[in-house]
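K.L.:
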Amino acid sequence: MKKFLVFLLAVVAAGLFAFSMEDLKVTVFGNYNFAVNVSSTPTTVEATAANYLDFGLDLTYPVAENLDLGLGLGFAWLLNSEASPLISTDGTPSQNALDLFAVFKYSVELDRESKIVIRGFGGASWPMEKIAFDRVGWVFGAGANYTRYFEDFIVGFGAGVEMRIYGKNSVIAVPVGANFEINF
0 MKKFLVFLLA VVAAGLFAFS MEDLKVTVFG NYNFAVNVSS TPTTVEATAA NYLDFGLDLT
60 YPVAENLDLG LGLGFAWLLN SEASPLISTD GTPSQNALDL FAVFKYSVEL DRESKIVIRG
120 FGGASWPMEK IAFDRVGWVF GAGANYTRYF EDFIVGFGAG VEMRIYGKNS VIAVPVGANF
180 EINF
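Straight run, no breaks: the sequence shown in numbering that gives the first Met the number 0 ends on number 183.
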């Protein structure tokens, strides 16, 4: 647990350093994830029971024209407790997970007020029942959002595909959701 807290402190310090940069983009997102394929051992979980919500934030910085790179922090919550064995690496079921991932975004301008953002991410995911470095799972995904500019912020909606792997268990889902971005 101490190692995890030190690691989390390092991530927060990196985030605070990122806040000191100009052109930092903070995106808050939320998705409803429709599970389409579930592989679980030793229990059997139906895909319809494995739908979940996820939300979090991305801190990105532009590195080239229309290309942003950064870090993300997310939280996933299974809607049905019957699916909690899916988020487990050692047999201890958990209904939610904490995600830490790298993120990239590529934007295609449609006009002066809107764009399509292609977002990809991947990183570690920890079941929240017992957070420890030896109980890590993985989360990967990609998606596209239509976004519209307003005064000082951007609002978007879209869909994609996401995969979560915890030991022998995995979930493939289609996230549908919205995002809200503030540029500094």
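Backbone N, C-alpha and C fix where the C-beta goes; we use that ideal spot for every residue, glycine too. Quick caveat: nothing in here was measured; it's all calculated off a predicted structure.
Do the segment 102-122 and the segment 56-74 touch if we need at least three Cβ pairs shorter than 8 Å?
P.N.:
Because the criterion of three Cβ pairs below 8 Å is met, the segment 102-122 and the segment 56-74 touch.
K.L.:
For D110 and E150, I'd like the C-alpha separation in whole angstroms.
P.N.:
Along the sequence shown, read from residue 1 onward, the residue named residue 110 stands at position 111. Along the sequence shown, read from residue 1 onward, the residue named residue 150 stands at position 151. Rounded to the nearest angstrom, the two C-alpha atoms are 16 Å apart.
K.L.:
Please return the same chain residues whose Cβ sits closer than 7 Å to the Cβ of G157, not counting the five positions on each side in sequence.
P.N.:
Mapped onto the sequence shown, residue 157 falls at position 158. Excluding positions up to five away in sequence, the list reads G142, A143, N144, Y145.
K.L.:
Would you say L85 and A49 are within 7 Å of each other, going by their C-beta atoms?
P.N.:
Translated into the one-based positions of the sequence shown, residue 85 becomes position 86. Translated into the one-based positions of the sequence shown, residue 49 becomes position 50. Yes. Within cutoff.
K.L.:
For V35 and N95, what's the separation of their Cα atoms in angstroms?
P.N.:
Here residue 35 refers to the residue found at position 36 when the sequence shown is read from its first residue. Here residue 95 refers to the residue found at position 96 when the sequence shown is read from its first residue. Taking the straight line joining both Cα atoms gives about 18 Å.
K.L.:
When DSSP builds the beta bridges, which residues end up paired with V170?
P.N.:
Sequence index remark: in the sequence shown, residue 170 carries index 171 (1-based). DSSP, once it has assigned bridges, lists V37, R163 as partnering V170.
K.L.:
Could you check which residue in G155, L56, R147, Y51 has the C-alpha nearest to that of E112?
P.N.:
Working through the sequence shown from its first residue, we reach residue 112 at position 113. Closest by alpha carbon: R147.
K.L.:
DSSP three-state label for T47, please.
P.N.:
Locating residue 47 in the sequence shown gives position 48, counting from the first residue. Three-state DSSP puts T47 in a helix.
K.L.:
Which of helix, strand or coil does DSSP assign to F6?
P.N.:
Position 7 of the sequence shown, counted from the first residue, corresponds to residue 6. Three-state DSSP puts F6 in a helix.
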